[in-house]
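Asker: The sequence shown begins at 0 in numbering that gives the first Met the number 0 and counts up one residue at a time.
Glycine included, each C-beta is placed from N, C-alpha and C at the ideal position.
Encoded as structure tokens, here's the structure I'll be asking about.
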Amino acid sequence: MIDLPVIPAVSQQAQRKPDWLRVKLPIGKEYTHVRSLVDEHKLHTICESGNCPNMGECWGAGTATFMILGNICTRSCSFCAVATGRPLAVDVDEPNRVATSVKLMQVKHCVITSVDRDDLKDGGSIIWAETINAIRRESPDTTLETLLPDFRGNWDNLARVLETRPEVVSHNLETVRRLTKEVRIQAKYDRSLEALKHVSEAGLRTKSGIMLGLGETEDDILEAMDDLLAAGVHILTLGQYLQPTRNHHPVIDWIHPDQFARLKQFGLDKGFKYVESGPLVRSSYHAEKHLFDM
0 MIDLPVIPAV SQQAQRKPDW LRVKLPIGKE YTHVRSLVDE HKLHTICESG NCPNMGECWG
60 AGTATFMILG NICTRSCSFC AVATGRPLAV DVDEPNRVAT SVKLMQVKHC VITSVDRDDL
120 KDGGSIIWAE TINAIRRESP DTTLETLLPD FRGNWDNLAR VLETRPEVVS HNLETVRRLT
180 KEVRIQAKYD RSLEALKHVS EAGLRTKSGI MLGLGETEDD ILEAMDDLLA AGVHILTLGQ
240 YLQPTRNHHP VIDWIHPDQF ARLKQFGLDK GFKYVESGPL VRSSYHAEKH LFDM
């Protein structure tokens with residue numbers, strides 16, 4: 000194997016983002032329409048609050064991502080900018096408000112994610128299921144992708160969500176086995192694989208994602224690909240890690256677009272049905288394209 004052709008982030012010059020990470024300003028009729036609805040009705044999407052580089056493209060394609068169960072996470076992963084602490088009480092009306100937002104925005108493909116709620120006995124799975132059902136009542140033609148937590152290995156809680164049969168179910172591995180303890184402090188690599196296996200065995204389109212540039216090698220990436228395939232994952236996303244603040248895990252490498260293309264081909268050759276691979280790829284990038292026939 001050829002080593003990853005990366006730019007090591009060791010000098011002040013190398014710390015600057017490469018040219019290939021520049022993003023075009025969002026434009027287009029569909030984007031403008033969604034933008035006006037979001038502003039008028041004060042709707043909340045992760046696309047906007049997370050400053051996603053693909054917001055214009057996704058909104059233009061009728062895809063939007065919502066985060067439920069609050070904005071305070073019970074975990075403190077070194078890559079994530081979401082606040083950590085004691086979450087607020089569950090908002091029982093949240094499923095209806097999200098469903099109303101999806102209907103107002105005329106979302107064609109809706110991605111739902113959440114913080115980890117390890118403080119709750121059900122891990123938030125009841126609100127998860129109610130949100131999916133509420134969206135289906137209000138927008139029966141909208142397809143759904145759920146980006147789920149691992150529910151700390153409580154598979155009954157996971158099953159509660161899977162029973163709603165979302166069109167795509169995702170759980171991100173986030174990084175390779177060797178770096179998991181460093182990057183995902185309260186998560187477990189094998190527990191994530193087991194969660195994905197449960198999703199696949201339920202007969203659902205199964206998806207996972209990995210961030211690159213955290214210090215992984217190409218062998219690490221290929222091992223993770225094999226592990227995900229063994230767990231029954233159909234869809235893989237690979238994107239460049241970007242450091243949210245100086246207090247978060249540093250960017251170790253900038254991965255060139257040519258290498259992302261090469262890794263995409265590796266993934267397809269290994270057996271993934273769909274691979275999104277590029278510097279600006281995020282979990283829900285091109286999510287509407289992942290509704291292939293099972």
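(1) Grab me the residues of G152's own chain with a C-beta within less than 6 Å of its C-beta, minus the 5 sequence neighbours each way, in chain order.
(2) Would the C-beta of R136 count as close to the ligand FMN, meaning under 7 Å from any of its heavy atoms?
(3) What are the partner residues of H294, as DSSP defines its beta bridges?
(4) Within the continuous alpha helix (DSSP H) that includes S169, where are the two ends?
(5) Please classify Q264 as buried or exposed, where buried requires at least 16 other C-beta atoms within 10 Å of its C-beta.
(6) Going by DSSP in three states, K206 sits in which element: helix, strand or coil?
(7) Below 8 Å CB to CB, which residues in the same chain sit around V9 once its five sequence neighbours on both sides are set aside?
(8) Quick one: what's got a C-beta closer than 7 Å to V160's C-beta in the same chain, skipping five residues either side?
(9) So for V71, helix, strand or coil by DSSP?
(10) Is the beta carbon of G231 less than 8 Å from the beta carbon of P278?
(11) What does a CB cutoff of less than 7 Å around R183 pick up in its chain, not counting 5 residues either side in sequence?
(12) Use the C-beta contact count for G208: other C-beta atoms within 10 angstroms, 16 or more gives buried, fewer gives exposed.
(13) For E275, which three-state DSSP category applies?
(14) Kindly list the residues whose CB is nearer than 6 Å to the CB of I71, restricted to its own chain and excluding five residues on each side of it in sequence; keep chain order.
(15) Looking only at its chain, what residues have a beta carbon closer than 7 Å to the beta carbon of H248, apart from the 5 residues adjacent to it on each side?
(16) With 16 other CB atoms within 10 Å as the buried threshold, where does P139 fall?
(17) Looking at the strands, I want to know which residues DSSP matches up with L237.
(18) Looking at the secondary structure, which residues open and close the beta strand (DSSP E) in which I254 lies?
(19) For E173, which beta-bridge partners are listed by DSSP?
Answerer: So, from the data block:
(1) R190
(2) Although the ligand FMN was asked about, the structure shown includes no ligands whatsoever.
(3) One cannot answer for residue 294 here, as it falls past the ends of the chain, which runs 0 to 293.
(4) Here S169 belongs to no alpha helix (DSSP H); instead the beta strand (DSSP E) covers 167-169.
(5) With a threshold of 16 other beta carbon atoms within 10 Å, Q264 falls short and is exposed.
(6) strand
(7) In this predicted model, V9 has a pLDDT of only 41, less than 50, meaning its place in the structure is not dependable; the value taken from the coordinates is given anyway. Hits under 8 Å: none found.
(8) S124, W127, A128, T145, L147
(9) First, the amino acid is wrong: residue 71 is Ile here, not Val. It is a strand residue.
(10) no
(11) Setting aside the 5 residues that flank it on each side, R183 is surrounded in the same chain by C76, E173, T174, each with a C-beta closer than 7 Å to its C-beta; the list follows chain order.
(12) Only buried fits G208, as 16 or more other CB atoms lie within 10 angstroms of its CB.
(13) strand
(14) A82, G84, P86
(15) S77, F78, V182, L213, Q242
(16) Under the 10 Å beta carbon count, P139 is surrounded by fewer than 16 other beta carbons and is classified as exposed.
(17) L237 is bridged by DSSP to I209, S276.
(18) Looking at the DSSP string, the run of the beta strand (DSSP E) that includes I254 is 252-254.
(19) Under DSSP, the beta-bridge partners assigned to E173 are I209.
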